[in-house]
Amino acid sequence: MTDFQTIADRVEIEALRGEFTDAAMMRDRARLASLFTPDGALRMPNIPAELVGREEIRAGGERLQAQWDFFVQTTHPGTIQLDGDTASGRAYIQELARTLDGRQGLNYAIYHDRYRRTSEGWKFTERVYEVRYFDPTPLAGSAPRPGPAAS
Numbered sequence: 001m002t003d004f005q006t007i008a009d010r011v012e013i014e015a016l017r018g019e020f021t022d023a024a025m026m027r028d029r030a031r032l033a034s035l036f037t038p039d040g041a042l043r044m045p046n047i048p049a050e051l052v053g054r055e056e057i058r059a060g061g062e063r064l065q066a067q068w069d070f071f072v073q074t075t076h077p078g079t080i081q082l083d084g085d086t087a088s089g090r091a092y093i094q095e096l097a098r099t100l101d102g103r104q105g106l107n108y109a110i111y112h113d114r115y116r117r118t119s120e121g122w123k124f125t126e127r128v129y130e131v132r133y134f135d136p137t138p139l140a141g142s143a144p145r146p147g148p149a150a151s
């Protein structure tokens, strides 16, 4: 593998991780599911939820999203270890959320990732979500609500 290929692989994997956060924030579950291999898994032991395969990931995401008043996720780059057509890595997460039933909080977490190069580019084969810190203190802010229609 050339140095240029290594750089390209790292950039593509980082773009994949960014695409995941964007799809989650935009509530685009079909796009989020497409970022996984057909047999890929999203495991969230702290939720608890384990979603295997694109259809489960899409449907499970819709169930979770239906519970949100609001959800904000920011992702911070972590490590990437390349090994030919596979790789592993970590991404660091900060989230603010409030559910429709009033549960809320701030948390910091890590995604432990496995990736595979496919004909469609790099995809997740597994993403394991590990919460490292959770603060359920009521959030002072709120999601903006639509204003009155202009006359």
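Residue numbering for the sequence shown is 1 to 151, as defined by the UniProt record's numbering.
The C-beta atom is built at its ideal place from N, Cα and C for all residues, glycine as well.
Just so you know, these numbers come straight off a predicted model, no measurement behind them.
Annotation: the region 25-79 contains the following complete segments of the beta strand (DSSP E) (minimum length 3 residues), in chain order: 36-44, 49-52 and 68-76. Apart from the 5 residues on each side of it in sequence, T86 sits with its Cβ closer than 6 Å to the Cβ of R116 in its chain, given in chain order. Using a Cβ-Cβ distance cut-off of 8 Å, the region 121-131 and the region 40-50 are in contact, since at least three pairs of beta carbons, one from each stretch, lie closer than that value.
Contact check for F36 against I7 fails: the beta carbons are separated by 7 Å or more. Under DSSP, A91 takes part in a beta bridge, and its partners are Y111. Sequence-distant Cβ neighbours of L106 in its own chain, meaning closer than 6 Å and more than five residues away, are L96 and D135.
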